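For reference, the structure discussed in these notes is given below.
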Amino acid sequence: MIRARELVGKSYGEANALTGLEFDLRDHNTDHHKIQDLAQAETYIGIAEAFLPKYNPAASESHTQRFSRFRNLSDYVSSRFNNFKHTKTSAALAAAGMISAATFGALTKDLGVELPDIVMDASAQSPDDTNDGTYKITPLTTNINGKANYPHISGDKAAWIYEEQGSIQTSNKAQILNLTTNQLITEFSVSVDGDTIDIYNDNLVLATGFTDKDIWLTNTSTSNWESKKIADDDLLAGNPSTDGEYIVWSSGDDESDYISIRSIDGSFSSDIDIGAGEELNPKVNNDMLVWVHKDFPSYKNSINIQDLNNYSSYYKEISSDCDEGTNPQIYGNKVIYKCDSTHSIRVYDIYQGKTVDNLDLDSNKHSFYENNIVWTNSLKDSINILNIETEAEIRIPGTCENLDIWENKVVWSDGKDIYLAEFSFDDKSIENPELIKLAEKYAPTYLFSTEEKYFPTDPYADDYDVTNNADKWLFEEFPKDQVVYYAITDYSSEKSTEHPEGFKVLQYWNYYVYNNWGSDDHMYDWEVIHKWIDNKNNEVYKTSASMHLWDNIYDENINRFFVEEGGHGLSKDVFMIDGIKIQFNGVDKILDVNTYDLRPLDKLDMYDEKDFPGELGKFPTKQKRYLDPNNIIGKFELPKLTEIDIKNSPDLRAKNSKGDVTGITIIPGVAYRQLVEDIPNSIYIFQDERIIILDDTNITVEIYGTEKEQFTLEMKILEDNSERFGVINGTINKGDTKIYDFSDLTQSYTNTNTTNDTKPNSTNDIKPKNNLLNTQWQTPVIAAIGGGIAAAIGLTAYRKKQQSK
Numbered sequence: 113m114i115r116a117r118e119l120v121g122k123s124y125g126e127a128n129a130l131t132g133l134e135f136d137l138r139d140h141n142t143d144h145h146k147i148q149d150l151a152q153a154e155t156y157i158g159i160a161e162a163f164l165p166k167y168n169p170a171a172s173e174s175h176t177q178r179f180s181r182f183r184n185l186s187d188y189v190s191s192r193f194n195n196f197k198h199t200k201t202s203a204a205l206a207a208a209g210m211i212s213a214a215t216f217g218a219l220t221k222d223l224g225v226e227l228p229d230i231v232m233d234a235s236a237q238s239p240d241d242t243n244d245g246t247y248k249i250t251p252l253t254t255n256i257n258g259k260a261n262y263p264h265i266s267g268d269k270a271a272w273i274y275e276e277q278g279s280i281q282t283s284n285k286a287q288i289l290n291l292t293t294n295q296l297i298t299e300f301s302v303s304v305d306g307d308t309i310d311i312y313n314d315n316l317v318l319a320t321g322f323t324d325k326d327i328w329l330t331n332t333s334t335s336n337w338e339s340k341k342i343a344d345d346d347l348l349a350g351n352p353s354t355d356g357e358y359i360v361w362s363s364g365d366d367e368s369d370y371i372s373i374r375s376i377d378g379s380f381s382s383d384i385d386i387g388a389g390e391e392l393n394p395k396v397n398n399d400m401l402v403w404v405h406k407d408f409p410s411y412k413n414s415i416n417i418q419d420l421n422n423y424s425s426y427y428k429e430i431s432s433d434c435d436e437g438t439n440p441q442i443y444g445n446k447v448i449y450k451c452d453s454t455h456s457i458r459v460y461d462i463y464q465g466k467t468v469d470n471l472d473l474d475s476n477k478h479s480f481y482e483n484n485i486v487w488t489n490s491l492k493d494s495i496n497i498l499n500i501e502t503e504a505e506i507r508i509p510g511t512c513e514n515l516d517i518w519e520n521k522v523v524w525s526d527g528k529d530i531y532l533a534e535f536s537f538d539d540k541s542i543e544n545p546e547l548i549k550l551a552e553k554y555a556p557t558y559l560f561s562t563e564e565k566y567f568p569t570d571p572y573a574d575d576y577d578v579t580n581n582a583d584k585w586l587f588e589e590f591p592k593d594q595v596v597y598y599a600i601t602d603y604s605s606e607k608s609t610e611h612p613e614g615f616k617v618l619q620y621w622n623y624y625v626y627n628n629w630g631s632d633d634h635m636y637d638w639e640v641i642h643k644w645i646d647n648k649n650n651e652v653y654k655t656s657a658s659m660h661l662w663d664n665i666y667d668e669n670i671n672r673f674f675v676e677e678g679g680h681g682l683s684k685d686v687f688m689i690d691g692i693k694i695q696f697n698g699v700d701k702i703l704d705v706n707t708y709d710l711r712p713l714d715k716l717d718m719y720d721e722k723d724f725p726g727e728l729g730k731f732p733t734k735q736k737r738y739l740d741p742n743n744i745i746g747k748f749e750l751p752k753l754t755e756i757d758i759k760n761s762p763d764l765r766a767k768n769s770k771g772d773v774t775g776i777t778i779i780p781g782v783a784y785r786q787l788v789e790d791i792p793n794s795i796y797i798f799q800d801e802r803i804i805i806l807d808d809t810n811i812t813v814e815i816y817g818t819e820k821e822q823f824t825l826e827m828k829i830l831e832d833n834s835e836r837f838g839v840i841n842g843t844i845n846k847g848d849t850k851i852y853d854f855s856d857l858t859q860s861y862t863n864t865n866t867t868n869d870t871k872p873n874s875t876n877d878i879k880p881k882n883n884l885l886n887t888q889w890q891t892p893v894i895a896a897i898g899g900g901i902a903a904a905i906g907l908t909a910y911r912k913k914q915q916s917k
């Protein structure tokens, strides 16, 4: 056996060759590291003796002796890397560059029974105390005769390229692992020169072949893995990327002449070539493309973005004169990239149109998801995760060649095997996947009327300026992303006989750029659905839906809602409340969880709220019905509400005590009549010849005869949780005007025998028509609660939209 002092100054690769450990202990990523002193050399010899039977025959060494040897090894590594304890041995050894994590995994499998207090399974590692969160590592591969690299992750699937030892380049495979079922599938042959795959949910895109590369798309959700060739033009194609709607890649004679763009459904195809240089490293997310242009002859790099939903507009250069400018990543409204040799990362905000941060991260490779950046440093000896909003950071020791991130999962390769780390920061912003599934399970379905002009969307879909959203929508200049925002408020501490484990409230918020309901026209229209869920059985036992100035409450789970035309109030049927119909003219469009984006409402907190008050005078996340829905919704009475209905053709209008008018009026000196809606919170509904007035019952009714005819005038008033109903039948001549107040009409609803222009015989309160069972009405308080009474659990993952047809 070689002596320890003979190894001092040699690399680990040289030491492996001298000891015969080339295939037992070899780690290509640390072979070049030097053995710096005798202590390191003796540690290495200890590893060699433990692994080589010819130096350590099983018959000549007991488990106790092995235990002692590795205890000494652990002591040494712990003293050198003081962030580690004995229970961190595997991470310490990997970080020391002495042994790969995969090799140590095999060792612990052999000796783990003897070393319970020293060796800890890699799948249960925890970070040191300097981290701002926790993580759990799971090895995804244990390759003995090959190596895996270029990992990608999306949803419940991870993909990478596998190269069998000694194989030729054309026999490499793209492998996919289902993280839920642990099923590993080998797919197409791919070339070995670089990152030639990407995955988004069920869509795997890859560049195949070696000299002439083709782009293939495979749907992994189908039983037979349906595949189709996207590009076959005898050119080189590489670096593919997909967001589930588009596929982009570098294409041309040398893989970098231009960027090719194809929609997955085949409806769109284009290429981008700025000219005088190369187009490199494209990435696509949420219909936005980012790539690098390397200029000739300056060899300077620029970072560029292109909105694929507005392809007629010119691309935008977001950074120029970069020395490197490689590996741009995009997610949502942010782009991250390197621009110089310092390895720092710049953060560009698409909505603000400027660089908002310059992070000194010493990044060699990086990836990006929402507000979390993952990177490995120039030494490739750790995996680092940074939340750019909270500045919380997690460091995972280990060799890293390439990596990717999705939600709270990171995958990376050490050059031989693939590893998965599930992480969570100490704050509450990292969501519970089970809560996300719950939000998706109970996400509502929305039914829209035929004349509806506005639909739920992202207030910042185009830029930070929300004041022009309505104008842009009107002129078809606003992105028509269909979005529903959600939040979860936890009431686990409020236990009762009915809910022994407490409950939670799911919230689903809709933003409309404009509300055009009668006189109640305004921007910043927000509507919300709340669902109360028992923590024990995860079932909904109560639902509320916003309707103008109140919330309708149903003692059951309601999942389908009619959306009032123009006003966007929500009802389980076509009634506003107790027989008063909403404005709705037949179902024209249906949105469900498969056709809209489900996004966390607390993500809007990153924007400046002062120019975005919301309908009730406060930004949604500052409203009481968001902060403490259980103690706000259902505690207040219905406002005054009046409905006036005319049968046959007389013109109908209403006037309040201030002289404001809503209805059909005659303009003095003009031959025609026009609609006026001046009474606050009122609407005239043409198809029904009906007026609804909120919060004002001092109403006088006028009817104007357009011809001689009989008419029926009905009036309903809801006030103080009681309902009064009046009706009068009469005759009117053309050009005549008749004026009534409620006292002229009031009668028992059951008394249908009326004479022309006669008053009813009774003024008793009467029962409502079409009374809705299990329905209450309440008005939310407009002022916000000071301080959160019940903290809303922020959820950070959202579903990728599927465009409705």
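With the first letter of the sequence shown counted as 1, position 255 gets the number 367 in this note's numbering; the numbers rise by one all the way through. We treat Cβ as the ideally placed atom computed from N, Cα and C, and that holds for glycine. Note that the coordinates shown come from a computational prediction; the quantities given were computed from them, not determined experimentally.
Of Tyr124, Thr569, Leu498, Asn439, the smallest CA-CA separation from Asp149 is found for Tyr124. With a cut-off of 8 Å on Cβ pairs, the region 518-533 is not in contact with the region 657-668, counting fewer than three such pairs. Annotated as distal: Trp487 and Asn499, with beta-carbon spacing of 8 Å or more.
DSSP places Ile744 in the uninterrupted alpha helix (DSSP H) bounded by 741-744.
Non-local C-beta neighbours of Asp383 in its own chain, meaning closer than 8 Å and more than five positions away in sequence, comprise Ser363, Tyr370, Ile371, Ser372, Ile373, ordered along the chain. When the Cα atoms are used, Ile600 and Lys616 turn out to be separated by approximately 7 Å. Non-local C-beta neighbours of Ile297 in its own chain, meaning closer than 6 Å and more than five positions away in sequence, comprise Ile288, ordered along the chain. The region 789-809 makes contact with the region 757-764: 3 or more CB pairs, one atom from each, lie closer than 8 Å. Here the C-alpha atom of Lys654 lies approximately 48 Å from the C-alpha atom of Ser381.
Taking every protein chain shown into account, the CB of Asp472 has fewer than 16 other CB atoms within 10 angstroms, so this residue is exposed. For the set Asn413, Glu588, Glu676, Asn243, the Cα lying nearest the Cα of Glu563 is the one of Glu676.
By DSSP's assignment, Ala260 forms a beta bridge with Tyr274.
In the three-state scheme derived from DSSP, where H, G and I count as helix and E and B as strand, Arg117 is classed as helix.
Comparing C-alpha distances from Ala260 to each of Gly267, Thr250, Glu276 shows the shortest one belongs to Glu276. By a beta-carbon distance limit of 8 Å, Lys450 contacts Ile457. Their separation comes to about 6 Å. A Cβ-Cβ distance of about 7 Å is found for the pair Asp593 and Asp709, placing them in contact under the 8 Å criterion. For Phe408, the three-state secondary structure derived from DSSP is coil. As computed with DSSP, Glu755 is found in a beta bridge with Ile804, Lys828. Counting the other CB atoms within 10 Å of its CB gives His634 a total below 16, which places it among the exposed residues. Contact between Tyr597 and Arg711 holds: CB atoms are separated by about 5 Å, below the 8 Å threshold. In this structure, Lys584 sits away from Asp570, with a CB-CB distance that is not shorter than 8 Å. DSSP, reduced to helix, strand and coil, places Leu857 within a helical segment of the structure shown.
Counting only runs that start and end inside the region 628-658, there is no alpha helix (DSSP H) element of at least 4 residues. In this structure the region 682-698 does not touch the region 544-554; the number of beta carbon pairs closer than 8 Å is below three. Assignment of beta-bridge partners to Leu471 by DSSP yields Ile457. With a contact defined as Cβ atoms closer than 8 Å, Thr354 and Asp307 miss out at about 13 Å. In the DSSP secondary-structure assignment, Asn514 is bridged to Ser525.
Where Leu716 is concerned, there is no enclosing alpha helix (DSSP H), because DSSP gives it neither an H nor an E. Nearest to Lys684 by alpha-carbon distance, out of Leu661, Ser656, Leu703, Gly678, is Ser656. For Ile548, the enclosing alpha helix (DSSP H) stretches over residues 545-553.
If you draw a straight line from the Cα of Val813 to the Cα of Asn841, it comes to about 14 Å. The alpha-carbon of Lys428 is positioned some 12 Å away from that of Leu420.
The C-alpha of Asp637 is placed about 49 Å away from the C-alpha of Thr320. With 16 or more other Cβ atoms from the protein chains shown falling within 10 Å of its own Cβ, Glu390 counts as buried. Taking 8 Å as the cut-off, the Cβ atoms of Thr502 and Phe535 do not count as close.
Around the CB of Glu651, fewer than 16 other CB atoms lie within 10 Å, so the residue is classed as exposed.
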